[in-house]
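Residue numbers (my numbering), protein chains in the order written: chain R, -6 to 99; chain E, 7 to 413.
Heads up, the thing below is written out as structure tokens.
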Amino acid sequence: MAKITYIEHDGTEHAIDVKNGLSVMEGAVKNNIPGIDADCGGACACATCHVYVDEAWRAKTGEKSAMEESMLDFAENVEDNSRLSCQIKVTDALDGLVVRMPESQH
Amino acid sequence: MSGQHVAILGAGHAGGTAAALLRQYGHEGPITLVGAEPIPPYQRPPLSKAWLKGEADADSLALKPLEFYAEHGIDFRPSTTATSINRGAKTVALSDGSNVDYDVLILATGARAIALPIPGADLAGVMFLRTAADAEQLKATVGPGKTLAVVGGGYIGLEVAASGRALGAEVVVLEREPRLLARVACETLSTFFKGYHEQRGVTFELGATAAAFEGRDGRVTGVRLADGRLIACDAVVVGVGAAPNDEIARDCGLETARGVVVDLEARTSDPAIFAIGDVAHRPMPIYGRMFRMESVPNALEQAKQAANAIVGRPAPAGEVPWQWSDQYDLKLQIAGYAFDVDEVLLRGDPASGKFAVFHLQGDKVQSVEAINAPPEFMMGKQLIGNRRAIDKARLADPTISMKEVAV
Chain R
-6 MAKITYIEHD GTEHAIDVKN GLSVMEGAVK NNIPGIDADC GGACACATCH VYVDEAWRAK
54 TGEKSAMEES MLDFAENVED NSRLSCQIKV TDALDGLVVR MPESQH
Chain E
7 MSGQHVAILG AGHAGGTAAA LLRQYGHEGP ITLVGAEPIP PYQRPPLSKA WLKGEADADS
67 LALKPLEFYA EHGIDFRPST TATSINRGAK TVALSDGSNV DYDVLILATG ARAIALPIPG
127 ADLAGVMFLR TAADAEQLKA TVGPGKTLAV VGGGYIGLEV AASGRALGAE VVVLEREPRL
187 LARVACETLS TFFKGYHEQR GVTFELGATA AAFEGRDGRV TGVRLADGRL IACDAVVVGV
247 GAAPNDEIAR DCGLETARGV VVDLEARTSD PAIFAIGDVA HRPMPIYGRM FRMESVPNAL
307 EQAKQAANAI VGRPAPAGEV PWQWSDQYDL KLQIAGYAFD VDEVLLRGDP ASGKFAVFHL
367 QGDKVQSVEA INAPPEFMMG KQLIGNRRAI DKARLADPTI SMKEVAV
């Protein structure tokens, strides 16, 4: 279990307990948090679950796969700390994780 | 409008998403969500892919946990269908004998798998793949030592074939047309997929029409082809397309075409009734025409359109239609539709397992089919939406970045 804080583009914060094994995307979607669309449901096919990972957490959220890297390269408003949240698996080590949402996923 | 009662008929990806979005957007009135299946809304795409291979479970397929609906004041009615709509009285009659009043109605009744009108279609072991229950039945039937016959070489058929092989079954695909994916993809893709599946042990019978299913003791044992041959099998999946569940809309006099006709707010000819997802016949401004789509992104886009209109928010920006398919280690991503195309351009080498096919109208991209090629898909999708002209020579050269193909 990890407490994850999702911050909407307008600054609204949602702190949610997310079960291990789910993805950071699923934690948001199953709790109806706005700002992560996840059109493909986690197939790494759409880049509509884009988040910015807080600097302190970049190492713990792991490396991007080639597919994720490639999808992000062509998404909008991408920064160094951009990730596709469907590709980050939740573990105890992510307790306290903070992610921010872009203005739009489309 | 926030106190209004919104009734949603159909609890698939479209209906379930509309209910959740209405709450997300601050709708305060009651919401009733009526679903034919016994379980709350879930994702269908994994049924033919990860779920069939045992890589996803029921919880992970659910759009929201079951508790979500009660916690958010959504009256979810499983195993229930609507039988008629009385637009004058604004009530819907349900299969359990009850009636639901509405201020706003959303039709999200989806589509159903088309059955083959041939002898033996009711034999045990002749299946479809539309619902979680269908997938459960299929998973229990296929495995090592079994032969699965797939009728229909479309995306569902090919995904089932790939999953069947992963489960250790022998797989034969029967397709009426002379090539696979005949209605939905270009010839380059048909040829590529056929070869890729054959290398992984799938057998194809093209130009083969199923004339009857034969069986013993009520269970299917083979498919009889129109040319007289018998293809022996232990199970059949019929994947020959889907038809919209729009009868209830026709019966109450809503305008229909190949589905329920809606505008860009997903509103039908009755301003109090919306239609979203597979059942809707919708405008697609990029292509200057109306059509019906069967895809999750379409269901989500229309759920957004309807929910925004109902709560009085501005309409969301139009999206470029897209879809995806996973087979073996292949990721196919398609953006747009190949309408009004005058040139087909290949980028990359199919033999490398990584390429894209662009469908052009002049120097504009109408659609792209990308195999293991996310940059081509992502940039192609943007080019379809923004209508920027491309340089064909640069687009055809895979050593030039997709960021540099626009003029």
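The C-beta atom is built at its ideal place from N, Cα and C for all residues, glycine as well.
Integer Cβ distance of residue i from residue j, believed to fall under 8 Å
i      : j      : result
E/E43  : E/C192 : Not a contact, Cβ separation roughly 35 Å.
E/L336 : E/W330 : At roughly 11 Å, the Cβ-Cβ gap does not stay under 8 Å, so E/L336 and E/W330 are not in contact.
E/L351 : E/A281 : That pair is no contact at about 36 Å.
R/A86  : R/K53  : 6 Å
E/V326 : E/I292 : 7 Å
E/A379 : E/R394 : So it is not a contact: roughly 19 Å between Cβ atoms.
E/A56  : E/A62  : 4 Å
Beta-carbon contacts of residue i that lie in its chain and below 6 Å, excluding the five residues immediately before and after
i      : result
E/G211 : This sequence places Glu at residue 211 of chain E; Gly is not what is there. Counting only Cβ-Cβ distances below 6 Å, and skipping sequence neighbours, we find L180.
E/G79  : none
E/A168 : Q333, Y334
Neighbour list for residue i in chain R, Cβ cutoff strictly below 9 Å
i      : result
E/D332 : A36, A38
E/V302 : D32, C33, G34
E/R29  : N25
E/F74  : K23, N24, N25
Beta-carbon proximity of residue i to residue j, cut-off 8 Å
i      : j       : result
E/A278 : E/V12   : no
E/G283 : E/N251  : no
R/M94  : R/I(-3) : no
R/N13  : R/V83   : yes
E/G265 : E/R298  : yes
E/A312 : E/W328  : no
E/Q372 : E/I390  : yes
E/A232 : E/L270  : no
E/L154 : E/C239  : yes
E/A344 : E/Q308  : no
E/R171 : E/V208  : yes
E/V246 : E/I120  : yes
E/L72  : E/T89   : no
E/E382 : E/A399  : no
R/L77  : R/C37   : yes
E/V317 : E/Y31   : yes
E/M385 : R/M64   : no
E/A175 : E/G213  : no
Separation of residue j from residue i, as counted between CA atoms
i      : j      : result
E/D65  : E/I14  : 23 Å
E/F74  : E/D81  : 10 Å
E/V190 : E/L164 : 13 Å
E/T87  : E/V40  : 7 Å
E/K310 : E/G159 : 32 Å
R/P27  : R/T5   : 10 Å
E/P289 : E/M296 : 4 Å
E/G354 : E/R50  : 31 Å
E/R185 : E/L195 : 10 Å
E/E300 : E/V156 : 20 Å
R/A123 : E/K409 : Residue 123 of chain R falls outside the range modelled here, since chain R spans only -6 to 99, and no answer is possible.
E/G35  : E/R29  : 9 Å
R/D10  : E/I237 : 53 Å
E/T262 : E/F219 : 34 Å
Contacts that residue i makes with chain E (C-beta to C-beta distance below 8 Å)
i     : result
R/A68 : M384
R/M60 : K337, P380
Cutoff 7 Å; reference residue i; Cβ partners in own chain excluding five residues on either side
i      : result
R/A31  : M18, V22, T41, C42, C79
E/T215 : R182, L231, A232
E/L450 : Because residue 450 of chain E is not part of the residues shown, which for chain E are 7 to 413, the question remains open.
E/E253 : none
E/K200 : L186, F210
E/R118 : R136, A248, A249, N251
R/E102 : With chain R covering -6 to 99 only, the question about residue 102 of chain R has no answer from this structure.
Amino acids of chain E, ordered along the chain, whose beta-carbon sits closer than 7 Å to that of residue i
i     : result
R/H99 : A323, E325
R/M18 : Those do not exist, as R/M18 stays about 12 Å from chain E at its closest Cβ, beyond 7 Å.
8 Å CB neighbourhood of residue i in its chain, flanking five on each side removed
i      : result
E/L144 : L58, M133, L135, V166, A241, V243
E/K70  : G22, A26, P46, P47
E/V347 : H365, L366, Q367, Q372, S373
E/T197 : R185, P356
E/S407 : P381
8 Å Cβ cut-off: residues of chain R touching residue i
i      : result
E/L306 : D30, D32
E/R361 : Correcting the residue type first, residue 361 of chain E is Phe in the shown sequence and not Arg. Within chain R, no residue comes near E/F361; the closest Cβ sits about 14 Å away, beyond 8 Å.
E/A217 : Simply none; closest approach about 37 Å.
Residue-level contact to chain B via CB, residue i, 8 Å cutoff
i     : result
R/N25 : Of the protein chains in the structure, R and E, none is chain B.
Proximity test, residue i beta-carbon vs the ligand FAD heavy atom, cut-off 7 Å
i     : result
R/V92 : Absent from the structure shown: the ligand FAD. Ligands present: none.
Within chain R, the residues that residue i reaches when beta carbons sit closer than 7 Å
i      : result
E/P71  : K23
E/P51  : G34
E/A26  : N25
E/F199 : The contacting residues do not exist; E/F199 stays about 17 Å from chain R at best.
E/F134 : Within 7 Å Cβ-Cβ: nothing; E/F134 doesn't reach chain R, min ~21 Å.
Within chain E, the residues that residue i reaches when beta carbons sit closer than 9 Å
i     : result
R/S63 : A379, P380, P381, M384
R/M94 : Within 9 Å Cβ-Cβ: nothing; R/M94 doesn't reach chain E, min ~13 Å.
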